[in-house]
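Worksheet: one structure, shown below.
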Ligand SMILES: Nc1ncnc2c1ncn2[C@@H]1O[C@H](COP(=O)(O)OP(=O)(O)OP(=O)(O)O)[C@@H](O)[C@H]1O
Ligand SMILES: [Mg+2]
């Protein structure tokens, strides 16, 4: 199994504070890897560094063999790595379909210049892209809302739309930042099924940040644990569950069932 | 824009009523254009013609400012680009005998180039910081125009700028210039409309709405912001040159901070969201001074008061009135 | 006139202008720090302060101390009103709030033109005479400006450090969310902050009225300088505004003597743009966490 993503010795400082300190791990093609840790452990910072939103202070990140640390987010998406956000997830005033079309920007086979002149080829390309986005919405159960402004959707649907926007970029590696935070139990279970389903049918590799331990333990092949910016453990779900240092790190922070 | 809640038929195509509305809009636009073209035949008052010309030029300034606003950045130095373009074309005509049309094109290209280079640097700043830096840069341009007397002739300005001539036909008279301004206006409108409907427009709107998410969707925010800034500023530069050849004069007072504020006012009052908004704002606010002829301060007070009231009570601007009414009437009808 | 006298004079002038910049910049930065509003009307409150001093002192011959109090109170009250009526709707939209202040600025300035006409008016000095120290002589009027400005700043500083309201304002500036959780009421803090901010601008205007002339257009330059100072000192930082203001006044006074003021102004603006690009949190300020 070749590594799709390799994070190697990455540190990130904010002033005097190390949000990440010398973190290394890898994600193999076809895996579902969980990235867990208490609040403030550095999980989101790790996502930001990998997706190009932040530059690492030191260290390297490789995706499909390309050195990507410090590249622009847009360039990293083009390589096939997409992520969702913990908080802001959608374009609120745009319609649901438009949201996904924006997500598909890097994969729309139309040069902006051609679309400016609205050539036949450009129209065909945009129609194809729209077709694909419509199918994606269908698949995520969002099709009935496609002409509604995203901001008017119920919260659970907005979270799902966030995933749809990332998927529209046709990523090989999908990074999800707390996809079930704030969802009710049914919605959470549904999101879990969706992730597994995407992994099985689309062969998407997944890196998952989540506090919902049942979900993480249930679908991840492997788990990486961060605490105070440092990697404190890595292993199979069963190993992590019984790992002393992990239990200590979580002690005192309310662990979600 | 079609209504998001309308039921769709087949593969997302709109039902007949919306298609009919599109046609109504096109017919309306055609009628407006014909009426505009016929205007000089009905208006003999030179001052009204002058107002019409200024309204067309202001509409161009405001639309181009709107393009920059469409990527979520507010430029408080828009008039500085107009001034730069005006000086370039005026100096070209006065010293190099450059034909005005060439000068205007050169002004547009030069200001677009300057804006592209400046934009790469300035657009790293966002929100109020970008506004501040464009404000300061605008002040620099005014001060340089005042101070570089050997070239700009300082506060006296450049006089005797030749009028635009097309194929040897001079457009010095107001009614003749009107057709040129109208053509320029229509050209800019069509260009910007195509731009906003293309993938560029999609990128612009994404960036304005949520820049982080836009970047994670594969949209290179800084690239598209620079593109919008360069095109918008380039249009302002060319339009500034047109203005210089129309009023035949340019000085540091022609395009100042106050003009930048006036364009922002027109944009906000008309509506920041659409191209039509910019046009409405210019059409509404340019002739407003006419009501208070000779009482300049009163005009300004009204400008400021209108700006503040629209911001508070009609944040979508004049362009949103139609939308609001449509929403209200639809709200009264039961849903199918 | 020998060189040392020239230097002493430039230093004194620099200090006078510097205190004015300081008062302007403190108010400007205060409102930005607390309300996240860039107030483009700040210079107009300076102008109103100058007019207030002109009418109360030059025309009605009220003692100057009371002129200052009147200017601060009336214009501060006007500021609170402006906050309530015009700024408040834009709590969560700093760009629209800033555009609104542009509108306010246009209205105030032109209302002043309508009411008082565009012609500049001269105002007599508050005190006459000079102070001689060794070989140097200083006009008392300038020294009074510096002393008064220092006193005003002391009062302001005391207010910010020692009163409940002042502490609440600092808390909001430091971390709005936490301050709100602790029960600080924005609806009382914001108008007070805005009132204090524009009262400081009015005081600056009143103090400068005898030195410069009084007209509806005198507000633009002080506002521009407040921008410059605040960018030097860091948007939102009061100590930055104090140091930056005094420093800018002194630097300007010396360079204008050497270079001519227009060139000095252009260089200054270019420098500030550069600083804004490289260190948007200010030359003296701290990077935000
Ligand atoms: N832009 C930033 N500037 C300064 N500090 C930051 C920034 N982003 C994160 N931090 C700090 O870095 C640390 C790690 O934060 P991060 O958001 O990565 O944690 P997390 O593991 O995602 O936590 P949570 O489970 O709450 O989402 C925290 O102490 C946070 O305050
Ligand atoms: Mg997080």
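Protein chains in written order, with my numbering: chain A, 1 to 257; chain B, 1001 to 1336; chain C, 2001 to 2289.
Glycine is no exception: its CB is placed at the ideal position from the N, C-alpha and C atoms.
Residue i beta carbon near ligand 2 (any heavy atom closer than 8 Å)
i, result
"residue 1253 of chain B", "no"
"residue 177 of chain A", "yes"
"residue 64 of chain A", "no"
"residue 49 of chain A", "no"
"residue 43 of chain A", "yes"
"residue 209 of chain A", "yes"
Straight-line gap, residue i to residue j (C-alpha atoms, nearest Å)
i, j, result
"residue 41 of chain A", "residue 229 of chain A", "5 Å"
"residue 1040 of chain B", "residue 1048 of chain B", "10 Å"
"residue 1235 of chain B", "residue 220 of chain A", "54 Å"
"residue 1298 of chain B", "residue 1288 of chain B", "11 Å"
"residue 183 of chain A", "residue 139 of chain A", "19 Å"
"residue 2045 of chain C", "residue 115 of chain A", "50 Å"
"residue 145 of chain A", "residue 100 of chain A", "12 Å"
"residue 10 of chain A", "residue 58 of chain A", "6 Å"
"residue 1098 of chain B", "residue 1252 of chain B", "22 Å"
"residue 243 of chain A", "residue 35 of chain A", "15 Å"
"residue 2221 of chain C", "residue 1303 of chain B", "22 Å"
"residue 1322 of chain B", "residue 1021 of chain B", "13 Å"
"residue 2017 of chain C", "residue 2241 of chain C", "14 Å"
"residue 86 of chain A", "residue 2182 of chain C", "26 Å"
"residue 1077 of chain B", "residue 1259 of chain B", "9 Å"
"residue 29 of chain A", "residue 5 of chain A", "8 Å"
"residue 2070 of chain C", "residue 2084 of chain C", "21 Å"
"residue 226 of chain A", "residue 190 of chain A", "27 Å"
"residue 1095 of chain B", "residue 2244 of chain C", "44 Å"
"residue 1081 of chain B", "residue 2166 of chain C", "43 Å"
"residue 1118 of chain B", "residue 1233 of chain B", "11 Å"
"residue 2060 of chain C", "residue 2216 of chain C", "20 Å"
"residue 245 of chain A", "residue 234 of chain A", "11 Å"
"residue 1244 of chain B", "residue 1151 of chain B", "16 Å"
Check whether residue i and residue j have beta carbons under 9 Å apart
i, j, result
"residue 2256 of chain C", "residue 2204 of chain C", "no"
"residue 1224 of chain B", "residue 1071 of chain B", "yes"
"residue 1242 of chain B", "residue 1164 of chain B", "yes"
"residue 52 of chain A", "residue 1215 of chain B", "yes"
"residue 2199 of chain C", "residue 2117 of chain C", "no"
"residue 1177 of chain B", "residue 1053 of chain B", "yes"
Residue i beta carbon near ligand 1 (any heavy atom closer than 8 Å)
i, result
"residue 86 of chain A", "yes"
"residue 212 of chain A", "no"
"residue 162 of chain A", "no"
"residue 1213 of chain B", "no"
"residue 2150 of chain C", "no"
"residue 19 of chain A", "yes"
"residue 38 of chain A", "yes"
"residue 133 of chain A", "no"
- Message: Counting only Cβ-Cβ distances shorter than 9 Å, please list the residues of the stretch 2029-2060 of chain C near chain D, keeping chain order.
- Response: Absent from the structure: chain D. Protein chains present are A, B and C.
- Task: Output the residue ranges of the alpha helix (DSSP H) runs that lie fully inside the stretch 16-102 of chain A and measure 4 residues or longer, sorted by chain position.
- Result: 43-51, 73-79
Identify each residue in the stretch 63-79 of chain A for which the Cβ-Cβ distance to at least one residue of chain B is less than 8 Å, and report them in chain order.
72, 73, 74, 75, 77, 78
(request) With 7 Å as the limit, tell me which residues of the stretch 2101-2123 of chain C have their beta carbon closer than that to any beta carbon of chain B; keep them in chain order. (result) 2102, 2103, 2104, 2106, 2107, 2110, 2111, 2113, 2114
**Item:** chain B contacts from the stretch 105-123 of chain A (Cβ-Cβ distance under 9 Å)
**Value:** 105, 106, 107, 108, 110, 111, 112, 113, 114, 115, 116, 117, 118, 122
- Item | Members of the stretch 1180-1199 of chain B that neighbour chain A once the beta carbon cut-off is set at 7 Å | 1194, 1195, 1198, 1199
Listed from N- to C-terminal order along the chain, which residues in the stretch 159-176 of chain A have their beta-carbon within a distance smaller than 8 Å of any beta-carbon of chain B?
165, 166, 168, 169
Where the stretch 1126-1160 of chain B meets chain C: residues whose CB sits under 8 Å from a CB there | 1127, 1128, 1129, 1131, 1132, 1133, 1135, 1136, 1137, 1139, 1140, 1143, 1144, 1146, 1147
Q) What alpha helix (DSSP H) runs, 4 residues minimum, are completely inside the stretch 106-162 of chain A? A) 112-116, 120-139
Looking at chain C, which residues of the stretch 1279-1309 of chain B have a Cβ within less than 7 Å of any of its Cβ atoms? 1297, 1298, 1300, 1301, 1303, 1304, 1305, 1307, 1308
For a minimum of 4 consecutive residues, which ranges assigned as the alpha helix (DSSP H) are wholly contained in the stretch 1119-1195 of chain B? 1127-1147, 1149-1152
Margin query: Beta carbons nearer than 7 Å to chain C: which residues of the stretch 1255-1279 of chain B have them?
Written below: 1261, 1264, 1268
Exercise for the section: Check each residue of the stretch 1197-1220 of chain B: if its Cβ is closer than 8 Å to any Cβ of chain A, include it; give the result in chain order. Expected result: 1197, 1198, 1199, 1200, 1202, 1203, 1205, 1206, 1209, 1210, 1212, 1213, 1214, 1215, 1216, 1217, 1218, 1219, 1220
- prompt: At which residue ranges does the stretch 2132-2177 of chain C contain complete beta strand (DSSP E) runs of 3 or more residues, listed in the order of the chain?
  reply: 2136-2139
Could you name the residues of the stretch 36-57 of chain A whose beta carbon sits closer than 9 Å to any beta carbon of chain B, in the order they occur along the chain?
51, 52, 53
- prompt: Of all the residues that make up the stretch 1062-1079 of chain B, which are near chain C by a beta-carbon distance shorter than 7 Å?
  reply: 1074
**Interface positions of the stretch 1311-1323 of chain B facing chain C (Cβ-Cβ less than 8 Å), listed along the chain** = 1311, 1312, 1315
Check: Along the stretch 2083-2100 of chain C, what residues have a CB closer than 7 Å to any CB found in chain B?
Finding: 2086, 2089, 2094, 2095, 2096, 2098, 2099, 2100
Between the stretch 1096-1130 of chain B and chain C, which residues of the former have CB atoms less than 8 Å from a CB of the latter, in chain order?
1121, 1122, 1124, 1125, 1127, 1128, 1129
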